[in-house]
Each structure stands twice: as structure tokens, then as C-alpha cells.
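A.B. asks: Structure in C-alpha cells, see below.
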Amino acid sequence: MKRAYRQFTERFIEGLLALSGTVTSLTVLLIVVFLFNEGLSLFGTSPLENKTALVVNESNPVQKLSAVSIKDIFDQKITNWKEVGGKDEDILIITVNDIGNYYSEEQIGAEFEHLPDCFSRLVDSLPNALAVINESYRTSYFKGHTIDVNKNNLPDFLSGKEWFPTAEPAVQLGVLPLILGTLMVSLLAILLALPIGLATAIYMAEIADERIRKVLKPVIELLAGIPSVVYGFFGLITIVPFIHDVFDLPVGETALAGSLVLAIMALPTIITVSEDAIRNTPRSMREASLALGANKWQTIQKVVLPYSMSGISAAAILGIGRAIGETMAVLMVTGNAAVMPKSILQPVRTIPATIAAELGEAPNGGVHYKALFALGCILFIITLIINIWVERISAKRKFKK
Amino acid sequence: MRMIETKNVQLYYGDFHALKDISMQIESNTVTALIGPSGCGKSTYLRLFNRMNDLIDNVRIEGDVLVEGRDIYGKGLGMRIDELRKKVGMVFQKPNPFPKSIFENVAYGLRVNGIKNKDYIEERVETSLKQSALWNEVKDKLNKSAFELSGGQQQRLCIARALANEPSVLLMDEPASALDPISTAKIEELIYELKEKYTIIIVTHNMQQAGRVSDKTAFFYLGELIEYDTTPHIFTNPTDSRTQAYVTGRFG
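Sequence lines, in order, name chains A and B.
For the first sequence, the working numbering gives the first residue as 7, with consecutive numbering after it.
For the second sequence, the working numbering gives the first residue as 1409, with consecutive numbering after it.
So, in C-alpha cells, the structure goes:
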């Protein structure tokens, strides 16, 4: 009886443990599926605003326009139909706001009931017109043809240099500046944090005596517990003005400021993980090195560091992971200009900061909303690639060296 | 020639008196076995000769330790620690190659001692690997990781690594205890050959091994040197009853 009970308890606990493992894996899977499901639904949708259509005169040979050229036309960077494959005529944009210039209020009607008709006649009479209308105006009476707009697609999304998801009438979804901004800020942060972190780890593991370590270790761990908003504040009131003054810039909110804040934030992870790796070097390795006449520094440099290289790589990955995913502090100090980053002394915008800043204003289920999820997918893939890459490097070192 | 001498050596780990008044002389080109039950101080004694005990906190050493007649712990005219460790090589209990190639493992001692001449390093690596009877097995894969070797080969690599520095003394701390019988036999054969050129001190738990390889044997018990004599004498006709009890396997 007692034995049966014990067996049952053992089975029960085993089952419970297996269940927690399964639930965790399923949760991860669920999040990834959800993210990609939302993100990928962006592709195939139209970059035009909801229920908007672009129409031109029947005689206009232009059938198709891309989101980028639409924006250029509305920004008046493209002013002639020739530039988009049409006749040599100036482009005349007509929106609802312009219709009053051509027709009187009586002609349009008190309830705007004749508006579609007015548009139809106007487009028919002006061969160079480009009218922005509501899709519902486009009935069988309408004279003129609709311009096809390229659907949102992956190559344009990745290579587009302009991120302007609220542009009218066509949104601009180019994530290249955001990807480059993210990579620039994160990599610079790691370049700053890794040498300092590694040096601290070596100091703590090899040089500092027990008393100093006992003070230093909790302080470093405390650094990991500070909320990122606080780092953001710190960056905003110390690092940003500092950069502003030192480099004599119009604004201090730059990629460099973000990198500095991120470097400080990544330090505790890098220090803790690499210190553990250094400490895990077997005592016999150090003894063998010292017994051959090596001094302490030679031993650290030639035996301890190569031996703990995979742990140090892990520390670097975790640091990069933290830097790439960090949102709040970066949002506060980088200036958030979604332009192609040219130098570290310019404002940049990272992917997480974009998502955090824009999700609130993106209508649920709209193009902008979906685009932010697609950004989330990109962030996920970047982190995944970095993980696999460094994992392979550290595995290689372990076996080959 | 007298290679190593200790005079009234006392060693304390904090309050623990680990070596009690040990005086002993070791002749060059001999193999000396240090035997005794666990915790008797034989490894601690071995580690006196290349100052490995310095790595442990709270160690206090009294008395004189002389290598080639020079005091290795004394200040002033004594021997510098890097010079000492070049002269006194050590092989550890478990094979502990570095995470480097076979070649770099053997070259390590030369490189850390500031030798840069490539031809000389190559020549030393080859000679050392030949001396440790490993050359034929590894000559085609010198750039492979040392971790790819078997346990016995790794231990012979560690011996080659120690020999590359051209030491006079080789300390061996239970060098075969982690190895299979065939690898053990190879190491023992090697010890016999190396005796020609080196003074060897070996700590072992294995009575047969001590009997096979050593010229002289020292029996330690509770931090004291109980008996030190020629190996046949220790094993067949010990003076002290505790030695007799230990070598015949009645305790330990």
C-alpha cells in the first residue's frame, strides 16, 4: 500500500515536471506563431489608406505606381507624368479639398451627394489629373481608370529607406533605417561594454581579494536590477548633455548616447557570466601553467581566457541580446529619427523603440499595426541569427583549439 | 650528486601542521617514491619543490628546501620562482593538457619563458615528444587539439610538456592513477628511461608501482617521515612497524 502510494507520488511528480517543460515549449512556440501570423499578414495588403483609390484620365498610359513614387508625387518630388512612364505632362493632384476650386457648392450638393459625379467629370476633362477618391465613388459611370498600387511585399519592406507609416495617401514601410539603427546602437554598445566587462570579470575572478569581491559583486548585481526607465533618465540628464557639449552637436540624443546607456545596461550580464566562466577554469589548468614557469598574467592570457572562451562568447551574446531588445532607455536617448544612420553622432531609431512608440497610435488591424508586428518578426530573426552564429563560434573553439 | 635536500621542514595550513620536521636528501638520477595513506602529506611534500604550495592561502613554511644546493624559499641569494619552475617540472594526477594544439601544448613552457626562436622550439617539441614516447603517435597531427588524444596519450603529452623546459627534476603526483593498466605500464617504462637524464620524485598509492619503478622509497604517515631507504629494503625489511603494516596492506 505504502509502496503503491510512493510510486504514485513519483509518477505524479515526474508528470508535473514533464508538463512544465511541455507548457514552456508550447508557450514559446505559441508566441512565435502569433508574432509571425500577425507580421506576415502585412504582405499582400495595399499601402493605400483604407478605402482610398487613385484614378486618372482614361487616356493616361500609367497603370501602376509604387508606394514610393506615390509619396514622391505627393511630396512634389515627381511633378511630371513622364517620370513614372506617362506622357510629358505636369501631374495635377486632386483631392476632396481641391474639388471646391472646380465646382460650386450647389454642383457638389449639400450632402456631397454629387461628389463622385464631380470627380468623374473632372478626371475625364483633365488628362493630367491624379485624383484621390473614396473607393465607393468608383461606380460603372465613373470615367477614368484606377491606378494599381504595388502591394506591400517583403523585398520592398526590407530594402525601403523610408519609414513613414502615417503618410497619406500611401504609407511608407521601409525598415532598413530601423534595422541599421538597431544594429549600429547595439554593436557599438557591445564594443564598449565587452572590454570593460571582461576586464572587470578578470579582475574579480583572478586579482581582487575576497573582501573587495564581496563588495563589488552585489554592486554589479544591483546594476542589473535598476529599471530601464531609470537608465533612460540617467542617460537623458547626464549622457545626452555630455555628448551635446563635447561634440558640439545641435542635439545630444544620438546613437552614441543610446550605445553608452546600453553598454552600462549590458555590463552586469557580461561581467557575471564571464566571471563564472573564468572561475570554472579547472585549478589543474592554472597549476600546470604555473608549474611550467608561466607567471600569473601569462596564465590568464594563454590558458584561462582560451579555456573560458565559450563562456565569454555566451556573455557577449547575452549582452547583445539585451542590447538589441532593450526598448525604453533607447527610446529616451536616441532621438528616434527614422532616417538612414550615417554617423554615431546622429539621432537614430531602433526597432523596439519604434514598436513601443507607435503601437499606441496604430489602429488595431491596420497596415501600420501589421507593419509593427512584422518589425517584431525581424527583431526575433536578428536575435536568432546572432544566437546561432555565436553558438557555432564557441562550439568551434571548444573542439578545434 | 645531491639534487634536493630538505632540512627540518615544517609546513602549516593555517593551524594544521601538515609536514612535521622533515629532513631528507634525494640524489640525482634516481627515482624516489613517496608513499603513505591519504592525507599523510606526501603530495604536500612533493609540491614544496616547485613551490606549488604557494598558491594556497594561509600556508606557512619553515626550514630549508635546497635544489642543487640553492635555497628556493630563502630571500636574497635564493633561486627565483620562474627559474625554479623551469628546473623542476611537474606532472599532475589527471592529464591536464591546455585547450591548444598538441604542438602548442609542448611549446608552452618555452614560449612563456620568452623563447622565440622557431627552429629551436620545433626541435625541442620533437625531442620532448620522442622522450615521452609519443612522437610516433602524434607526428602527423601536431596541429590537432590535445583533447583528441586518449587519456594515456594526454598524460604522456603532459610529460613531454614538462620535459620541453629541460628540467633537472621531474615531480610526478600519482601520474598513472587515472589511467588504464596498459597506459600505466607505458608511463612506468617511461619513468625507467627518463631516470637516465632526470631526477624523478613520484607520489603513488600503488605499492607495486613504487616497487617496480623506484630506487628509494619514503614512507609518510600523519605528516611525518617515518622511514626513508632503498626500495627493496622498505618493501622486504622495514625498520618501523608502521611501514611494515602499510606496505603489506594492513592499513592505508
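Cβ atoms here follow ideal geometry from the backbone N, Cα and C, with glycine treated the same way.
Just to confirm, is the Cβ distance from residue 129 (chain A) to residue 63 (chain A) under 7 Å?
C.D. replies: Going by C-beta atoms, residue 129 (chain A) is nearer than 7 Å to residue 63 (chain A).
A.B. asks: Quick check: residue 1444 (chain B) and residue 1627 (chain B), are their CB atoms within less than 7 Å of each other?
C.D. replies: The answer is yes: Cβ separation under 7 Å.
A.B. asks: Give a yes or no on contact between the segment 209–226 of chain A and the segment 252–261 of chain A, applying the rule of three or more CB pairs nearer than 8 Å.
C.D. replies: Counting Cβ pairs under 8 Å, fewer than three are found: no touch.
A.B. asks: Which of the three DSSP states, helix, strand or coil, is assigned to residue 1644 (chain B)?
C.D. replies: In the structure shown, residue 1644 (chain B) sits in a helix (DSSP, three-state: H, G or I).
A.B. asks: When you compare each of A:360, A:43, A:82 to residue 342 (chain A) by their alpha carbons, which one comes out closest?
C.D. replies: It is A:360.
A.B. asks: Candidates A:36, A:35, A:162, A:12: which alpha carbon is nearest residue 75 (chain A)'s?
C.D. replies: Among A:36, A:35, A:162, A:12, the Cα nearest to that of residue 75 (chain A) is on A:162.
A.B. asks: To which residues of the same chain is residue 393 (chain A) closer than 8 Å at the C-beta, ignoring the five residues directly before and after it?
C.D. replies: So the qualifying residues of the chain are 323, 327.
A.B. asks: Where residue 318 (chain A) and residue 272 (chain A) are concerned, what is the direct C-alpha to C-alpha distance, given to the nearest angstrom?
C.D. replies: Distance between the alpha carbons of residue 318 (chain A) and residue 272 (chain A): 13 Å.
A.B. asks: When you compare the CB of residue 407 (chain A) with every CB in chain B, is at least one pair closer than 7 Å?
C.D. replies: Annotation note: pLDDT 41 at residue 407 (chain A) (below 50); position unreliable, coordinate value reported separately. At least one chain B Cβ lies under 7 Å of residue 407 (chain A).
A.B. asks: Near residue 195 (chain A), what residues of its chain come up, given a Cβ to Cβ distance below 7 Å and the 5 sequence neighbours on each side ignored?
C.D. replies: Correct list, in chain order: 265, 268, 269, 272, 329.
A.B. asks: DSSP on residue 1661 (chain B), reduced to helix/strand/coil?
C.D. replies: Residue numbering for chain B in the displayed model covers 1409 to 1660; residue 1661 (chain B) lies beyond these limits and cannot be assessed.
A.B. asks: Does the segment 132–140 of chain A touch the segment 29–43 of chain A, meaning 3 or more C-beta pairs lie closer than 8 Å?
C.D. replies: The answer is no - the segment 132–140 of chain A does not touch the segment 29–43 of chain A, with fewer than three Cβ pairs under 8 Å.
A.B. asks: Would the segment 1534–1542 of chain B count as touching the segment 1577–1587 of chain B if we require 3 or more Cβ pairs under 8 Å?
C.D. replies: In short, these stretches do not touch, since the Cβ pair count stays below three.
A.B. asks: Measure the beta-carbon distance from residue 191 (chain A) to residue 354 (chain A) and round it to whole angstroms, keeping in mind my assumption that it falls under 8 Å.
C.D. replies: The pair is a contact, with the Cβ atoms about 6 Å apart (cut-off 8 Å).
A.B. asks: Look at the alpha carbon of residue 1621 (chain B) and the alpha carbon of residue 1565 (chain B), and state the distance between them as a whole number of angstroms.
C.D. replies: Roughly 20 Å between the two C-alpha positions.
A.B. asks: Distance, Cα to Cα, residue 407 (chain A) vs residue 1508 (chain B)?
C.D. replies: With a pLDDT of only 41 at residue 407 (chain A), under the threshold of 50, the placement of this residue in the model should not be trusted; the figure read from the coordinates follows. Approximately 5 Å between the Cα atoms of the pair.
A.B. asks: Since residue 1410 (chain B) sits in a beta bridge, which residues does DSSP pair it with?
C.D. replies: According to DSSP, residue 1410 (chain B) bridges with B:1435.
A.B. asks: Using a beta-carbon distance below 7 Å, is residue 1450 (chain B) in contact with chain A?
C.D. replies: Not one chain A Cβ lies under 7 Å of residue 1450 (chain B).
A.B. asks: Please name the residue, chosen from B:1659, B:1632, B:1637, B:1606, that lies closest to residue 1619 (chain B) on a Cα-to-Cα basis.
C.D. replies: Measuring from the Cα of residue 1619 (chain B), the nearest candidate turns out to be B:1637.
A.B. asks: Residue 281 (chain A): which of A:325, A:207, A:293, A:245 sits nearest, CA to CA?
C.D. replies: Of the candidates A:325, A:207, A:293, A:245, the one whose C-alpha sits nearest the C-alpha of residue 281 (chain A) is A:207.
A.B. asks: Quick check on this structure: which residue in B:1502, B:1555, B:1603 has the alpha carbon closest to the alpha carbon of residue 1540 (chain B)?
C.D. replies: Looking at the Cα atoms, B:1603 is the closest of the given residues.
A.B. asks: Closer than 7 Å, CB to CB, is residue 1581 (chain B) near chain A or not?
C.D. replies: No, its Cβ sits nowhere closer than 7 Å to a Cβ of chain A.
A.B. asks: Please tell me whether residue 1461 (chain B) and residue 1455 (chain B) are closer than 7 Å, where the distance is taken between their beta carbons.
C.D. replies: Yes, these two residues count as a Cβ contact at 7 Å.
A.B. asks: For the segment 9–74 of chain A, which segments carrying the alpha helix (DSSP H) assignment without a break, of at least 4 residues, lie completely within its bounds, in sequence order?
C.D. replies: You should have found no qualifying run.
A.B. asks: By the criterion of Cβ-Cβ separation under 9 Å, what are the contact partners of residue 4 (chain A) in chain B?
C.D. replies: Any answer about residue 4 (chain A) is impossible in this case: the structure gives chain A only from 7 up to 407.
A.B. asks: Give every residue of the same chain whose Cβ lies closer than 6 Å to the Cβ of residue 1567 (chain B), excluding the five residues on either side of it in the sequence, and list them in chain order.
C.D. replies: The residues are 1499, 1540.
A.B. asks: Once DSSP output is grouped into helix, strand and coil, what is the label at residue 1689 (chain B)?
C.D. replies: The requested residue 1689 (chain B) does not occur in the structure, where chain B is confined to residues 1409 to 1660.
A.B. asks: Verify the CB distance criterion: does residue 299 (chain A) have a CB-CB separation below 7 Å to chain B?
C.D. replies: Yes, because at least one Cβ of chain B sits closer than 7 Å to the Cβ of residue 299 (chain A).
A.B. asks: DSSP puts residue 1469 (chain B) in a beta bridge; with which residues?
C.D. replies: For residue 1469 (chain B), which the question treats as bridged, DSSP gives the partners B:1419.
A.B. asks: Under 7 Å between C-beta atoms, does residue 396 (chain A) make it to chain B?
C.D. replies: It does not: the Cβ of residue 396 (chain A) has no partner Cβ on chain B nearer than 7 Å.
A.B. asks: Which residues in chain A have a C-beta closer than 7 Å to the C-beta of residue 1460 (chain B)? List them in chain order.
C.D. replies: By Cβ distance, chain A contributes 293, 297.
A.B. asks: At the level of alpha carbons, what is the spacing between residue 202 (chain A) and residue 1510 (chain B)?
C.D. replies: Each residue's Cα considered, the two are about 33 Å apart.
A.B. asks: Compare the C-beta of residue 310 (chain A) against all C-beta atoms of chain B and say whether one is closer than 7 Å.
C.D. replies: No, its Cβ sits nowhere closer than 7 Å to a Cβ of chain B.
A.B. asks: If you draw a straight line from the alpha carbon of residue 65 (chain A) to that of residue 55 (chain A), how long is it in whole angstroms?
C.D. replies: The straight-line gap from Cα to Cα measures roughly 25 Å.
A.B. asks: Mark residue 424 (chain A) as exposed unless 16 or more other C-beta atoms lie within 10 angstroms of its C-beta, in which case mark it buried.
C.D. replies: With chain A running from 7 to 407 in the structure shown, residue 424 (chain A) is simply not present.
A.B. asks: Under 7 Å, do residue 1571 (chain B) and residue 1609 (chain B) count as touching if we go by C-beta distance?
C.D. replies: No, they are not a contact pair.
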